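K.L.:
For any residue, its number in this note's numbering is found by taking its place in the sequence shown, counting from 1, and adding 2.
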Amino acid sequence: MADGDGLPPVALSAAERAAVERLGRFPLLDAVFGRRSRRFPLGGHVPAGPLAYRSRHDPVPLSDVERALVLTTVAGVTGWHHAITHHPGYAPALPNYSGAAGGRTFPSAAGFHTADFFFTDDSGTYFLSTRDARPEEHPDTEGRLNAVLSRVRRISAERLHIPREQPYMEGHNTWIANHPGSLLVAPVADIAQHTLANLAFFAQNGVAVYDDVNGRRIPGIEAFADRVDTDDPVPLSFVEQYSLTEATAELMTSVYNGHLLLTAMGLGGWAFDGIDRPTVLGASGRADVPGLGFHVQTDPRWPLPNPTGLPGVFEAYCRPHFPDMAAAVEAYAERKFGPGGPFHPDTPGPWRDTPGVRGAAAPHDARFKELLTLQAEYVDATFGRFPGTVPTVWIMNYLQAQHIDTEYYDALFHPGAYLPEHAGHDEVWHG
Numbered sequence: 003m004a005d006g007d008g009l010p011p012v013a014l015s016a017a018e019r020a021a022v023e024r025l026g027r028f029p030l031l032d033a034v035f036g037r038r039s040r041r042f043p044l045g046g047h048v049p050a051g052p053l054a055y056r057s058r059h060d061p062v063p064l065s066d067v068e069r070a071l072v073l074t075t076v077a078g079v080t081g082w083h084h085a086i087t088h089h090p091g092y093a094p095a096l097p098n099y100s101g102a103a104g105g106r107t108f109p110s111a112a113g114f115h116t117a118d119f120f121f122t123d124d125s126g127t128y129f130l131s132t133r134d135a136r137p138e139e140h141p142d143t144e145g146r147l148n149a150v151l152s153r154v155r156r157i158s159a160e161r162l163h164i165p166r167e168q169p170y171m172e173g174h175n176t177w178i179a180n181h182p183g184s185l186l187v188a189p190v191a192d193i194a195q196h197t198l199a200n201l202a203f204f205a206q207n208g209v210a211v212y213d214d215v216n217g218r219r220i221p222g223i224e225a226f227a228d229r230v231d232t233d234d235p236v237p238l239s240f241v242e243q244y245s246l247t248e249a250t251a252e253l254m255t256s257v258y259n260g261h262l263l264l265t266a267m268g269l270g271g272w273a274f275d276g277i278d279r280p281t282v283l284g285a286s287g288r289a290d291v292p293g294l295g296f297h298v299q300t301d302p303r304w305p306l307p308n309p310t311g312l313p314g315v316f317e318a319y320c321r322p323h324f325p326d327m328a329a330a331v332e333a334y335a336e337r338k339f340g341p342g343g344p345f346h347p348d349t350p351g352p353w354r355d356t357p358g359v360r361g362a363a364a365p366h367d368a369r370f371k372e373l374l375t376l377q378a379e380y381v382d383a384t385f386g387r388f389p390g391t392v393p394t395v396w397i398m399n400y401l402q403a404q405h406i407d408t409e410y411y412d413a414l415f416h417p418g419a420y421l422p423e424h425a426g427h428d429e430v431w432h433g
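#1: Within this structure, are the beta carbons of leucine 130 and phenylalanine 114 separated by less than 9 angstroms?
#2: Taking DSSP as the reference, what is the three-state secondary structure of valine 1?
#3: Quick one: grab the DSSP three-state call for alanine 363.
#4: Note down the Cα distance separating leucine 201 from leucine 162, rounded to an integer number of angstroms.
#5: With a CB to CB cut of under 6 angstroms and the five nearest residues on each side skipped, what residues in its chain are close to asparagine 175?
#6: Relative to the C-alpha of glycine 351, which candidate in His47, Val209, Thr143 and Thr80 has its C-alpha closest?
#7: Determine the contact status of proline 182 and glycine 311, defining contact as a CB-CB distance below 9 angstroms.
#8: Taking C-beta to C-beta, are leucine 264 and leucine 151 nearer than 9 angstroms?
#9: Are the stretch 74 to 93 and the stretch 224 to 231 touching by the rule of at least three beta carbon pairs closer than 8 angstroms?
#10: With DSSP collapsed to three states, give me the class of alanine 13.
#11: When the distance is taken between beta carbons, is leucine 147 closer than 9 angstroms to aspartate 76?
#12: Return helix, strand or coil for tyrosine 258, following the three-state DSSP convention.
#13: Run the CB neighbour count on threonine 300, radius 10 Å, all protein chains shown included, and call it buried at 16 or more, exposed below.
#14: Roughly how many angstroms separate the alpha carbons of valine 62 and glutamate 242, rounded to a whole number?
#15: Taking the CB atoms as reference points, tell me whether leucine 185 and arginine 37 lie closer together than 9 angstroms.
#16: Count the C-beta pairs between the stretch 197 to 211 and the stretch 375 to 390 that are closer than 8 angstroms, then say yes if the count reaches three, no if not.
#17: What first and last residue would you give for the beta strand (DSSP E) that runs through leucine 401?
#18: Taking the straight line between their C-alpha atoms, what separation do you get for phenylalanine 28 and leucine 262?
#19: Compute the Euclidean distance between the alpha carbons of phenylalanine 1 and alanine 112, then round it to the nearest angstrom.
#20: Since glutamine 195 is in the alpha helix (DSSP H), which residue starts that stretch and which ends it?
#21: Let me know the secondary structure DSSP gives isoleucine 164 once reduced to three states.
#22: Quick check on proline 510: does DSSP put it in helix, strand or coil?
#23: Which whole-angstrom value describes the C-beta separation of isoleucine 406 and histidine 432, a residue pair presumed to lie in contact below a C-beta threshold of 8 angstroms?
#24: Taking a contact to mean a Cβ-Cβ separation below 9 angstroms, would you say methionine 171 touches arginine 279 in this structure?
#25: CB-CB under 8 angstroms to arginine 229, same chain, minus the five flanking residues each way: which ones, in chain order?
#26: With C-beta atoms as the reference, is threonine 271 less than 9 angstroms away from serine 39?
#27: Would you mind reading off the limits of the alpha helix (DSSP H) that contains phenylalanine 35?
#28: Can you tell me the Cα-Cα spacing of arginine 106 and glutamate 144, whole angstroms?
#29: What does DSSP give as the partner residues of alanine 70 in its beta bridges?
#30: Is the distance from the Cβ of histidine 323 to the Cβ of glutamate 317 below 9 angstroms?
#31: With DSSP as the reference, please indicate the residues paired to arginine 40 in a beta bridge.
#32: Could you have a look at serine 158 and say whether DSSP puts it in helix, strand or coil?
Structure (structure tokens):
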């Protein structure tokens with residue numbers, strides 16, 4: 003398989019079909035109340051302390067079907083986004099907040115959908131983009147899994163290398179994070195685009211921003227006093243922190259869904275944040291630790307380097323992936339109003355009159371884009387990057403999936419540390 007290829011489609015065996023049917027009957031509340039961080043895998047080794055233990059087994063990677071189920075649960079497309087139904091300030095137009103026409107397995111603030119996914123296992127490192135995927139009808143689980151797998155792109159034939167030491171991993175994760183045999187999923191958010199979406203959101207609702215860091219209003223904003231309240235703007239740092247927080251919720255809920263699935267499948271693993279984000283993105287400062295290889299900006303004014311994107315794969319809506327913020331604003335508007343976007347009348351959807359609903363959205367007219375560009379370009383020029391006070395690209399949480407070693411729990415825990423699904427996992431999924 004050459005780099006740039008994806009993953010082969012899966013063909014479920016009769017035993018795997020039976021396992022999937024059994025999985026579908028697993029009670030949601032049992033997944034919620036049975037969820038635990040089960041970190042010790044086959045092949046694991048805790049070297050010291052009261053929980054020291056060495057597995058007598060070799061690591062066992064997830065099967066192709068197990069991996070596909072995890073990826074589909076974390077990042078899958080589940081149908082059409084229902085849009086924001088009504089706002090009295092827009093009526094009779096439809097509110098135009100959403101960034102994507104589809105909905106995924108996890109919520110996104112106002113349907114912005116600025117996150118996508120990277121993952122790594124023993125077979126390599128991959129990118130999985132579903133944020134603009136068109137929903138499809140599939141008659142069975144195999145079709146749904148293969149729809150997600152068809153969107154996978156391999157970017158390296160090697161597992162992502164993360165040194166097993168601080169500061170690259172938190173000390174308590176050095177024994178286990180990104181362990182051989184495991185699947186590590188890393189949702190990544192484009193905070194530049196999310197901030198553009200929020201600048202648009204606030205402007206659409208009559209609110210401008212001001213530079214609270216330097217204590218001044220944005221020059222030229224008074225020309226848009228008919229669109230926004232220039233006398234009562236909100237702080238820029240608030241809008242950017244708001245964007246970071248909203249995107250983090252998107253990242254966390256995606257991996258939480260995956261964690262619940264691990265419980266139901268009898269797999270081990272957990273959702274966590276103890277791997278250094280700059281290291282994963284490519285800003286470790288070590289040439290032998292390239293991470294995902296993102297483009298990284300540096301500036302003496304900034305306390306940390308600032309990754310902006312992986313060229314041709316995942317590019318934030320900012321320089322250098324766009325020549326300037328005016329171009330980023332145009333791309334943002336095109337994502338929403340262009341072909342396939344949530345507000346293009348030819349995009350299919352869930353309504354009986356889908357063209358009428360999509361076509362009724364309030365437009366991003368030329369003057370609105372000028373207002374958005376004015377604010378975005380001010381931030382970029384003043385701080386040397388966009389956004390100005392928070393990272394351009396953000397990782398918060400990871401999901402690690404692995405086969406647990408039940409002998410470790412039998413040796414060191416009271417009964418109940420794992421579920422019957424863990425005890426019977428091999429028989430159900432690998433029998």
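No residue lacks a Cβ here, since even glycine has one placed at the ideal position from N, Cα and C. The model shown is predicted, which means the values in this text are computed figures rather than measured ones.
P.N.:
Per the coordinate set shown:
#1: No.
#2: Only positions 3 to 433 of the chain appear in the structure, and residue 1 is not among them; the question remains open.
#3: Of the three classes helix, strand and coil, the one that applies to alanine 363 here is strand, per DSSP.
#4: Rounded to whole angstroms, leucine 201 to leucine 162 spans 35 angstroms at the Cα level.
#5: Within the same chain, Gly276 come within 6 angstroms of asparagine 175 by CB-CB distance, once the 5 residues on both sides are set aside.
#6: Ranking His47, Val209, Thr143 and Thr80 by Cα distance to glycine 351 puts Thr80 first.
#7: Taking 9 angstroms as the Cβ cut-off, proline 182 and glycine 311 do not qualify as a contacting pair.
#8: No, the pair does not count as a contact, with Cβ atoms beyond the cut-off.
#9: The stretch 74 to 93, when compared against the stretch 224 to 231, does not touch it at the 8 angstroms Cβ threshold.
#10: Three-state DSSP puts alanine 13 in coil, outside helix and strand.
#11: Strictly speaking, residue 76 in this sequence is valine, with aspartate absent from that position. Taking C-beta atoms as the reference points, valine 76 and leucine 147 fail to come closer than 9 angstroms.
#12: Correct three-state label for tyrosine 258: helix.
#13: By the Cβ neighbour-count rule, threonine 300 is exposed, with fewer than 16 other Cβ atoms within 10 Å of its own.
#14: If I take the Cα positions, the gap works out to 42 angstroms.
#15: Their beta carbons are not under 9 angstroms apart, which means leucine 185 does not touch arginine 37 by this criterion.
#16: Three or more pairs of CB atoms, one per stretch, sit closer than 8 angstroms, so the stretch 197 to 211 contacts the stretch 375 to 390.
#17: Counted as a single uninterrupted DSSP element, the beta strand (DSSP E) harbouring leucine 401 occupies residues 400 to 404.
#18: Those two C-alpha atoms are separated by around 11 angstroms.
#19: With the chain running from 3 to 433 in the structure shown, residue 1 is simply not present.
#20: Glutamine 195 -> alpha helix (DSSP H) spans 193 to 206.
#21: Of the three classes helix, strand and coil, the one that applies to isoleucine 164 here is coil, per DSSP.
#22: With the chain represented from 3 up to 433, any question about residue 510 goes unanswered, as that position is not in the structure.
#23: Going by Cβ atoms, the distance from isoleucine 406 to histidine 432 rounds to 14 angstroms, so no, they are not a contact pair.
#24: No.
#25: Only residues of its own chain outside the window of five on either side were considered, and among them Ala205, Gly208, Arg369, Phe370 and Leu373 have a CB closer than 8 angstroms to the CB of arginine 229, listed in chain order.
#26: In the sequence on display, residue 271 carries glycine and not threonine. Going by C-beta atoms, glycine 271 is nearer than 9 angstroms to serine 39.
#27: Segment 30 to 36, the alpha helix (DSSP H) holding phenylalanine 35.
#28: When rounded, the separation of the alpha-carbon atoms in arginine 106 and glutamate 144 is 18 angstroms.
#29: DSSP, once it has assigned bridges, lists no residue as partnering alanine 70.
#30: Yes, the Cβ-Cβ distance between histidine 323 and glutamate 317 is below 9 angstroms.
#31: The partner list for arginine 40 (beta bridge, DSSP) reads Gly271.
#32: Of the three classes helix, strand and coil, the one that applies to serine 158 here is strand, per DSSP.
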